[in-house]
Amino acid sequence: MEILASIWERARARASRIVLPEIDAPCILKAAATALREGLAEPVLVGGAALIQDCAERHQVDTKGLTIADPSGSDRLGHYADLLYQRRKHKGLTLAEARDLARSPLYFGALMVAAGDADGIVAGACTTTADVVRALLWSIGKSENVAVVSSALLVILPPSDGGERAFIFADAGVVPDPTPDQLAAIAVASARTRRLLVGDVPYVAMLSFSTKGSAEHPAVEKVRRATEIAKRIAPDLAIDGELQADAAIVPSIAGRKAPGSPVAGRANVLVFPNLDAGNIGYKLVERLAGAGAIGPLLQGLKRPASDLSRGCSTDDVVNVIAAIGAQREL
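Residues in the sequence shown are numbered consecutively from 395, following this note's numbering.
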């Protein structure tokens, strides 16, 4: 895959320090060893050294050369706890509670990133999305002027006569039923993710079961409103909606359903109207069409992060590590 090879190349150039807090997941240990061997990142395993060694022996993983960060013995624990306390005390979090949270691998890893001691974090292999996103929001925080934290996947289709095709799918993992403002924010963030990962011009399609007034329904109106908001937020962005999926990606159908659209028929960023559609859509394309899906990558946080699917493989985690590292500015 040319696009994936490009992501790996950029990850190698950046050599980012990527935190992995779920050491009891075999795919995480194996991916960390692979990422180190391939030079994709400097993986940091968060947890006790004895526990990591035990897990590595059970799963026959060579952890030689991997960096280990043990919260219980770290001289940074107090600093991280105070950082979390300062960020959440207005919500009633006590210093003692912050210290307890900071001892957990997920929060310790997230606070490493927040403090600048690491460049990004990959979690979710055995932790729910709600728990991952909460830890990252409390520790790293949302970017300024971002309406909502969302997720996106880079979906790469098997090569065909027309060459390799890749799409950003969003949101497929975080926001169940976005408002028009949230949907617009997801569209703008997803265009940025496209630029960071693929490097080409994003063409953003706001998907619906209607194309340009072919149906009337509150769900369609939500997509129309979101499109208007996104155009106002990012006037230089190529974005259009509402569009059905076939009109968004098939030129011949776009010519009939949405003539004159700057996006129809050439969309490479697909923004789904809700989490049902996005999550079902990417998993069907992945399983039935043999597409490779990299992510979910979280959007709208101050630092790069990912919330893995709990069905992820070792290869999935390796590619996400590379994608997180490739997003860091040189």
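A virtual CB, placed ideally from N, CA and C, is assigned to each residue, including glycine. Note that the structure is a prediction, hence the values are computed from the model and not measured.
Given 8 Å, three or more beta-carbon pairs between the segment 593-609 and the segment 636-647: yes
Assuming A716 is part of the alpha helix (DSSP H), what are its boundary residues? 708-720
Can you tell me whether I417 is buried or exposed? The criterion is at least 16 other CB atoms within 10 Å of its CB, across all chains shown. buried
Quick check on the burial criterion: 16 or more other C-beta atoms within 10 angstroms. Buried or exposed for Q394? The structure shown has nothing for residue 394, since the chain only spans 395 to 724.
Using 8 Å as the cut-off, can you tell me whether the segment 613-620 makes contact with the segment 568-584, which would need three or more C-beta pairs spanning the two stretches below that distance? Judged by Cβ distances under 8 Å, the segment 613-620 makes contact with the segment 568-584, as three or more pairs qualify.
Contact check, W532 vs L478, beta carbons under 9 Å: In this structure, W532 places its C-beta atom within 9 Å of the C-beta atom of L478.
Unbroken beta strand (DSSP E) run spanning L439, endpoints: 436-440
Based on Cα-Cα distance, which residue from R589, A624, L631, E636 lies nearest to H611? E636
Determine the direct distance from the alpha carbon of E615 to that of A429, and round the result to whole angstroms. 45 Å
Which runs of the beta strand (DSSP E) at least 3 residues long sit entirely within the segment 581-617? Give them in chain order. 597-601
From the DSSP output, read off the bridge partner residues of I562. L548, V663
By Cβ distance, which residues of its chain are closer than 7 Å to D464, with the 5 residues on each side in sequence left out? G441, G442, A443
How far does the beta strand (DSSP E) with L700 in it extend, from its first residue to its last? Note on identity: in this sequence residue 700 is Ser, with Leu being the wrong assignment. Looking at the DSSP string, the run of the beta strand (DSSP E) that includes S700 is 699-701.
CA-to-CA distance, S545 to V527, given in whole angstroms: Between V527 and S545, the C-alpha separation is close to 10 Å.
Let me check you understand the geometry: is the CB of I412 closer than 8 Å to at least one non-hydrogen atom of the ligand SAH? With respect to the ligand SAH, the structure shown offers nothing to examine, as it has no ligands at all.
Which residue from Y474, L460, V592, I401 puts its Cα closest to that of K424? Ranked by Cα distance from K424, the first of Y474, L460, V592, I401 is L460.
Can you say whether S707 is buried or exposed, counting buried as having 16 or more other CB atoms within 10 angstroms of its CB? exposed
What are the partner residues of A687, as DSSP defines its beta bridges? Beta-bridge pairing links A687 to V549.
So what's R431 in DSSP terms, helix, strand or just coil? helix
Report yes if the CB atom of I562 is closer than 9 Å to the CB atom of G686, and no otherwise. no
Excluding the 5 residues flanking N673 on each side, which residues of the same chain have their C-beta closer than 8 Å to its C-beta? A566, G567
Is D630 helix, strand or coil when you go by DSSP? Here D630 carries a coil assignment [DSSP, helix/strand/coil].
For G705, count neighbouring C-beta atoms within 10 Å of its own C-beta (all shown protein chains included) and say buried if the count is 16 or more, exposed if not. exposed
Taking only the alpha-carbon atoms, compute the straight-line gap between L724 and R408 and give it to the nearest angstrom. Confidence at L724 is low in this model, with a pLDDT of 45, below 50, so the placement of that residue should be treated as unreliable; the coordinate-derived value is given next. Spanning the two alpha carbons is a distance of roughly 6 Å.
Can A737 and I412 be called in contact, C-beta distance under 9 Å? With the chain covering 395 to 724 only, the question about residue 737 has no answer from this structure.
Neighbourhood of G659 by C-beta, 6 Å cutoff - its chain only, sequence neighbours within 5 removed: Only residues of its own chain outside the window of five on either side were considered, and among them P645, A648 have a CB closer than 6 Å to the CB of G659, listed in chain order.
Rounded to the nearest angstrom, what separates Q480 and Q638 at their Cα positions? 46 Å
Relative to the C-alpha of A652, which candidate in A427, A541, T605 has its C-alpha closest? T605
In the DSSP output, which residue or residues are listed as bridge partners for K696? Partner(s): none; K696 has no beta bridge.
In whole angstroms, what separates the C-alpha of A581 from that of A399? 26 Å
CA nearest to the CA of A661, picked from D701, I718, S700, S584: Of the candidates D701, I718, S700, S584, the one whose C-alpha sits nearest the C-alpha of A661 is S584.
Is the beta carbon of S700 closer than 9 Å to that of L691? Cβ distance < 9 Å, so L691 and S700 count as in contact.
Tell me, which residues are paired with K536 by DSSP? The secondary-structure analysis by DSSP pairs K536 across a beta bridge with L695.
Neighbourhood of A560 by C-beta distance below 8 Å, restricted to the same chain and skipping five residues each side: I397, L548, V549, I550, L551, V592, N662
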